[in-house]
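Chains A and B supply the protein sequences, listed in that same order.
Just add 1 to wherever you are in the first sequence, counting from 1, and you've got the working numbering.
Just add 1388 to wherever you are in the second sequence, counting from 1, and you've got the working numbering.
Where is the CB? At the ideal position from N, CA and C, for every residue including glycine.
Computed from a predicted structure; not experimentally measured.
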Amino acid sequence: MRRIITATVQNRSGVLNRITGLLQKRQFNIESISVGRTETDSISKMTLVVEVEDNQKLEQLTKQLNKQIDVLKVTDITDKAIVSRELALIKVVSAGQLRNELQGIIEPFRASIIDVSKDSLSIQVTGKPEKIEALIELLRPYGIKELARTGMTAFLRGHQPQSTELPSYSLLNR
Amino acid sequence: MKVQTKPGAAPRIETKTGADLLVESLIKEKVDILFGYPGGAVLPIYDALYRARESFTHILTRHEQGAIHAAEGYARVSGKPGVVIATSGPGATNLVTGIADAMIDSLPLVVFTGQVARGVIGTDAFQEADVMGITTPITKHNYQVQHVSDLPRIVREAFHIASTGRPGPVVVDIPKDISANSCEDEYDDDFHLPGYQPNIKPNPLQLKKLANALETAERPVILAGAGVMFGNASDELRKFAEKHSLPVVTTLLGLGSFPGSHPLALGMAGMHGTFTANRALYECDLLINIGARFDDRLTGNLEHFAPTATVAHIDIDPAEIGKNVTTHIPVVSDSKAALQSLFYHAESTSNHDDWLQHLTDYQKENPLWYKNPAKEMVPQWLIEAVHNVTNGNAIVTTDVGQHQMWAAQYYAFEEPDRWVTSGGLGTMGFGFPAAIGAQLAKPEETVIAFVGDGGFQMTLQELSVLQERQLPVKVIIVNNGALGMVRQWQETFYEERYSESLLQIQPDFVKLADSYGIRGYRIDTQEEFIDLLPEVFSYNGPVVLDCRVLRQENVYPMIAPGKGLHQMIGVKP
């Protein structure tokens, strides 16, 4: 099963190596990983998309990550209300006459053309990985010259709907 | 000379080098023994140590592997972190086995490695190795010092991390220019590790669950691991077991956490454990694991491990809980705190006399056995003879293999912290240097190193240290002219094809000891051994005993690989 895990870590050299080494040692396959600084300079956030066999392996994964001295917090956010985004840059073969057609394809995806040359277009798209997949599939027939993806980054939405919250809105329980 | 000031802090005059700061920090941490080996990249550190030589005993081993295994023995017996220094490149890589060994057996070590100067790191400089890369997977944590001013803080963190929570090795890699250069910035050794907060106190709800499970259990058993000793909880374990009449099984590393001769003691479980201990794990309805990590050598085939039991697991490392065995009642806690709370919360209501009687019957019907022709040296007999002459009071270290299992089976440990063995990694060459460290930690105690003829030849150069320091370690070579456990497996599982397991050419161990100035004896018969033992143990100096034992002797009983706890072979003669 595919899980989205975020790890808040100290921004120190070698931390990424520690995390990926740990996953390698324990035979977890990383589908994507993205890292960047947070609002606090000394702290970075990682978003890992990992394929795990079962809940027991998943628990082991989060526990092992938590055990690292430089890891402050590990959360499996797969089943939560989250905002997740990925960015992709796609260079598509395109002679002049196809540009309008391509424009028409990418517009519903709210993607934008960020570079134009004689025989290619570069498109930038952000969104959920599925959306990016979909756009790539649509563009593939035109000939993709180059493709670069950042991997998913994600965090929890400001408000998490919880089933336990529901009764508190009930008139009967008041 | 530069004077640093910071509001509220006393001004410091910064003329100290990194090496000076390191030495100061070591003194602050109350380190008195260092195990090490000098080299180019640690020359500034050794120079600072020379100036501070009143403060430390430095043990110069003859190989870095000897240094780190000695530090492990020291740590295991003293409970304090073992401190090791080695140079960059080959010095550091020679420590790798010991670091991995300490990691898997949870021994606190602080390891300082030299590194080439920062300016040439990454250029494949002379004696450069990527120590951070190499040691990341086998340490609890590691550091490479980037600023001289960070050194005091890093050393404090290293000692803190190594010795708290689940203990483990911490490596501090120090580039040569860091140890040689003076500190230009202010330094501060205060530290704050927000990502490292070991959980000491048990969760009351989980403990309550465990107490409830105990009340209704008919066939409860305790599995005691080394975590009992790391938490200094042996007394608590004994009182708890006695209060509820709970039988206690120990792991290999947990030997001594519960008195071996106690009526509730079932002995060691696992591949070469006792029949009774393994049956207890197989038949129990409540298994309380305290500080053991469910190693595969203990559990055998997981399918048959405690198949009908409610499993409770008390461990300070949350990642160990549920890792190998499905756990119904997890308790993340220090073993002492958990046992203390349990002692007051759990009420003894259920009667399990039948269960205890059942286990006692097993013990009577299926004791450990060996055939004793009463003339030639039988290894099991040898261990028992040493146990008798030392009244079971010695500190015993071993390598890995047949002699290790025989020592575990036949040297009944009554007290904690007297058994030093390489469990998880199974390191040949461990036992002898570990004995050196143990003897340094406890100079008054009798220390015995049971070693195989194979393992001893991996680190026997440390005989120099024995002689140099006049450490009265008794090295007992269980010499069967073979890599015994390999030979046994080849006999059993590879149709007696003894591929490279028989040691045809052996040194004359007596002459070898003599060449180091150490007393050595060769023993071929039980009679000779009995005659010699009083002399050996009354002599306050190092001794090497080359005991020629029967080559064909095998370790029994045994769970074959892939089999379950109830499928032991060799239970009866």
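Asked, Found
"Report the three-state DSSP secondary structure of Q1955/B (helix, strand or coil).", "coil"
"Quick check: what's the CA-CA separation for G1811/B versus V1719/B?", "24 Å"
"Just list the alpha helix (DSSP H) runs in the region 1416 to 1473 of chain B, keeping only unbroken ones of 4 residues or longer that don't cross its boundaries, in chain order.", "1431 to 1439, 1452 to 1466"
"Below 8 Å CB to CB, which residues in the same chain sit around I137/A once its five sequence neighbours on both sides are set aside?", "A89, I91, I145, L148"
"How should V1937/B be labelled, buried or exposed, when 16 other C-beta atoms within 10 angstroms of its C-beta is the threshold for buried?", "buried"
"Which one of M1846/B, F1801/B, A1429/B, A1436/B has the shortest CA to CA distance from R1506/B?", "A1429/B"
"Should H1580/B go down as buried or exposed, given a rule of 16 or more other Cβ atoms within 10 Å for buried?", "exposed"
"Provide the residue span of the alpha helix (DSSP H) that contains R1875/B, from first to last.", "1872 to 1881"
"Could you spell out the range, first to last residue, of the beta strand (DSSP E) harbouring T1/A?", "Since the first residue shown for chain A is 2 and the last is 175, residue 1/A is missing from the structure and cannot be characterised."
"Is the CB of T1715/B under 8 Å away from at least one CB in chain A?", "no"
"For the putative contact between F110/A and K132/A, defined by C-beta atoms under 8 Å, what is the C-beta separation to the nearest angstrom?", "6 Å"
"Applying the 10 Å Cβ sphere with the 16-neighbour rule, what's the burial state of V84/A?", "exposed"
"Excluding the 5 residues flanking P1922/B on each side, which residues of the same chain have their C-beta closer than 8 Å to its C-beta?", "V1777"
"Report yes or no: do the region 1867 to 1874 of chain B and the region 1830 to 1849 of chain B share at least 3 C-beta pairs separated by less than 8 Å?", "yes"
"Give the range of the alpha helix (DSSP H) segment to which Y1909/B is assigned.", "Looking at the DSSP string, Y1909/B is not in any alpha helix (DSSP H); the run it does join, the beta strand (DSSP E), is 1907 to 1911."
"Would you call the region 46 to 63 of chain A in contact with the region 1691 to 1705 of chain B, where contact means no fewer than 3 C-beta pairs closer than 8 Å?", "no"
"Return the CA-CA distance between V18/A and T151/A, expressed in angstroms with no decimal places.", "In the sequence under discussion, the amino acid at residue 18/A is Asn, which differs from the Val named in the question. Rounded to the nearest angstrom, the two C-alpha atoms are 18 Å apart."
"Assess, as a yes-or-no matter, whether the region 1520 to 1537 of chain B is touched by the region 1437 to 1455 of chain B under the definition of 3 or more beta carbon pairs within less than 8 Å.", "no"
"Excluding the 5 residues flanking I1918/B on each side, which residues of the same chain have their C-beta closer than 6 Å to its C-beta?", "none"
"For chain B, find out if any of its Cβ atoms is closer than 8 Å to the Cβ of L157/A; answer yes or no.", "no"
"Straight-line CA distance for F1646/B to L1539/B?", "41 Å"
"Can you tell me which of H1660/B, A1480/B, S1494/B puts its alpha carbon nearest to the alpha carbon of Q1792/B?", "H1660/B"
"Going by beta carbon distance, what residues of the same chain come within less than 6 Å of P1563/B, once the five residues before and after it are set aside?", "Q1503, A1505, R1506"
"Judging by CA-CA distance, which residue of A1726/B, F1844/B, R1857/B, L1851/B is the nearest neighbour of P1831/B?", "R1857/B"
"Buried or exposed: K1752/B, going by 16 or more other Cβ atoms within 10 Å of its Cβ?", "exposed"
"Taking all protein chains shown into account, decide if H1529/B is buried (16 or more other Cβ within 10 angstroms of its Cβ) or exposed.", "buried"
"Does chain A have any CB closer than 8 Å to the CB of A1707/B?", "yes"
"Which of the three DSSP states, helix, strand or coil, is assigned to L167/A?", "At L167/A, the pLDDT of 49 sits below 50, so the modelled position is not reliable; the number obtained from the coordinates is stated separately. The answer is helix: DSSP assigns L167/A an H, G or I state."
"Helix, strand or coil: which one does DSSP assign to M1617/B?", "helix"
"Which residues share a DSSP beta bridge with W1807/B?", "V1784/B"
"Chain A partners of M1491/B, CB-CB under 8 Å?", "What M1491/B touches in chain A: nothing, since even the nearest Cβ is about 12 Å away."
"Just the Cα atoms here: how many angstroms apart are I1549/B and P1586/B?", "10 Å"
"Output the distance between the C-alpha atoms of D1578/B and L1495/B, rounded to the nearest integer angstrom.", "25 Å"
"Assuming Q11/A contacts D71/A under a Cβ cut-off of 8 Å, what Cβ separation, rounded to an integer in Å, is found between them?", "4 Å"
"In terms of DSSP beta bridges, what is C1935/B paired with?", "V1866/B, I1911/B"
"Using the beta-carbon count (16 or more within 10 Å), is A1601/B buried or exposed?", "buried"
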